[in-house]
Amino acid sequence: MRHIIIGILFVSFLFLAACNDSQETSNESGNGDQEENSKQEQEGNNQEDNSKEEEDTEDESTARTEEQEETVKEPIYKVDSETSSIVPLDDSGDTNEKVVLLTIDDVPDKNAIKMAETLKEHNASAIFFVNGHFIETEEGAEKLKKIHEMGFPIGNHTYSHPDLSTLSEEEQTEEIVSVSDRIEEIVGERPTFFRAPHGINTDHSQMVVKEEGMTQMNWTYGYDYFKPYEDVEKIKQAMISGEGPEAGVDYSLLKPGANLLMHDRDWTSDALGDIIEGLRDKGYEMVDPDLIQTEKNTN
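Sequential numbering of the sequence shown, starting at 275, is according to our numbering.
This is how it looks when you write it as structure tokens:
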């Protein structure tokens, strides 16, 4: 009888052991399946994330391309080669003729950044004509870079502001090309516009300017370099009215397309905001230089 009981117990023990092994195997299999499923799910999430990142990158790239395309403006004005006035490209009458172009010479000296900031505050643009000796130093280069980054076009005004007619052809070339080289080194592009010091061009300088792909311009009026107009109120009145009696101009030179010459000077900088608003009060719009036809945007 005892042997029978022991046998029954032994069989029961084997049965229980077999059940436990089966349960453990089942659990291990289930855990493995869960781990595999989790791994597959994670891989799926990673693929989705990567796909989203790729889509975001493509979207950003597309946005940048569209933004670049939007910044390319079709010219609607040109520089009159005889008067330096800004005139519509066609005579259809669809383009506003009552515009003036603001230009600032001899930059970047003491006031260039402040003048650029004033222009931004008044939603106006201007061409900044650079003298090379101002951008030799790191400080001058940083000023120029900031002006460029603020969106203002940069012009070439020679290295040392000489009377080009007194220089040899080689010296004229150096005065012009060295400045374009330095500007490109600082801002990544060569200047679009050129203005000769004192408004004096030569046959050779004009040839160099054309070879450099720059558009040449002088100006129609400006007074801040005359001693009597080294005053905020006087220069403001002169630039808004176009009259400079104390400089021998007792009539107004303010006309549609006027090309206004100003300089990096304390008195002009302090008057600039009022000059802009005063011209607007007379019905004039500050022309965007990017809308002017140049040697670069006609090709």
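Backbone N, C-alpha and C define an ideal beta-carbon position, used for all residues, glycine too.
Note down, in chain order, each residue of its chain lying with its Cβ closer than 6 angstroms to the Cβ of Thr392, except the 5 sequence neighbours on either side. Answer for Thr392: Leu546 and Gly547, listed in chain order.
On the three-state DSSP scale, how would you describe Glu583? For the chain, the structure presents residues 275 to 573; residue 583 sits outside this window and is missing.
What distance in whole Å lies between the Cβ atoms of Ala532 and Thr494, which are believed to be in contact at a cut-off of 8 angstroms? Contact holds; Cβ gap of about 5 angstroms.
According to the neighbour-count rule (16 or more other Cβ atoms, all chains shown, within 10 Å of its Cβ), is Pro349 buried or exposed? Exposed, by the Cβ-count rule.
Would the beta-carbon of Glu569 fall within 8 angstroms of that of Lys484? Remark: C-beta atoms of Glu569 and Lys484 approach each other more closely than 8 angstroms.
Rounded to whole angstroms, what's the CA-CA distance from Thr424 to His435? Just pull it up for me. Residue 424 is actually Met in this sequence, not Thr. Between Met424 and His435, the C-alpha separation is close to 25 angstroms.
Is the separation between the beta-carbon of Gln446 and that of His478 shorter than 8 angstroms? Against a cut-off of 8 angstroms, the Cβ pair of His478 and Gln446 comes out as a contact.
Taking the Cβ atom as the reference point for each residue, do Thr377 and Leu528 lie within a distance shorter than 8 angstroms? Their beta carbons are not under 8 angstroms apart, which means Thr377 does not touch Leu528 by this criterion.
His225 and Asp524 closer than 8 angstroms at C-beta: Outside the modelled stretch of the chain, which goes from 275 to 573, sits residue 225, for which no answer is possible.
Exposed unless 16 or more other CB atoms sit within 10 angstroms - verdict on Glu449: Glu449 is buried by the Cβ-count criterion.
Exposure label - Thr542; buried when at least 16 CB within 10 Å: Buried is the call here.
Is there contact here, the stretch 464–471 with the stretch 427–434, by at least three beta-carbon pairs under 8 angstroms? The stretch 464–471, when compared against the stretch 427–434, does touch it at the 8 angstroms Cβ threshold.
What distance in whole Å lies between the Cβ atoms of Gly552 and Lys510, which are believed to be in contact at a cut-off of 8 angstroms? So it is a contact: roughly 7 angstroms between Cβ atoms.
Around the C-beta of Pro382, are 16 or more other C-beta atoms found within 10 angstroms, so that it is buried, or is it exposed? Label assigned to Pro382: buried.
Which value, in whole angstroms, describes the spacing of the CA atoms of Pro362 and Thr369? In this model, Pro362 and Thr369 are separated by some 6 angstroms (Cα to Cα).
Hey, would you say Glu371 sits closer than 8 angstroms to Pro530, going by beta carbons? Contact: yes.
Residue ranges of each beta strand (DSSP E) run of no fewer than 3 residues wholly in the stretch 496–540, ordered along the chain? As far as the stretch 496–540 is concerned, its whole beta strand (DSSP E) runs of at least 3 residues are 532–537.
What is the rounded straight-line gap between the Cα of Glu517 and the Cα of Glu444? In a straight line, the C-alpha of Glu517 is about 39 angstroms away from that of Glu444.
Residue range of the beta strand (DSSP E) that Lys384 falls in? Segment: none, Lys384 is in no beta strand (DSSP E) and carries neither H nor E.
If you measure between the beta carbons of Val353 and Ile566, is that distance less than 8 angstroms? A Cβ-Cβ contact shorter than 8 angstroms links Val353 with Ile566.
Length of the line joining the Cα atoms of Met560 and Glu416: Using only the alpha carbons, I get a separation of about 26 angstroms.
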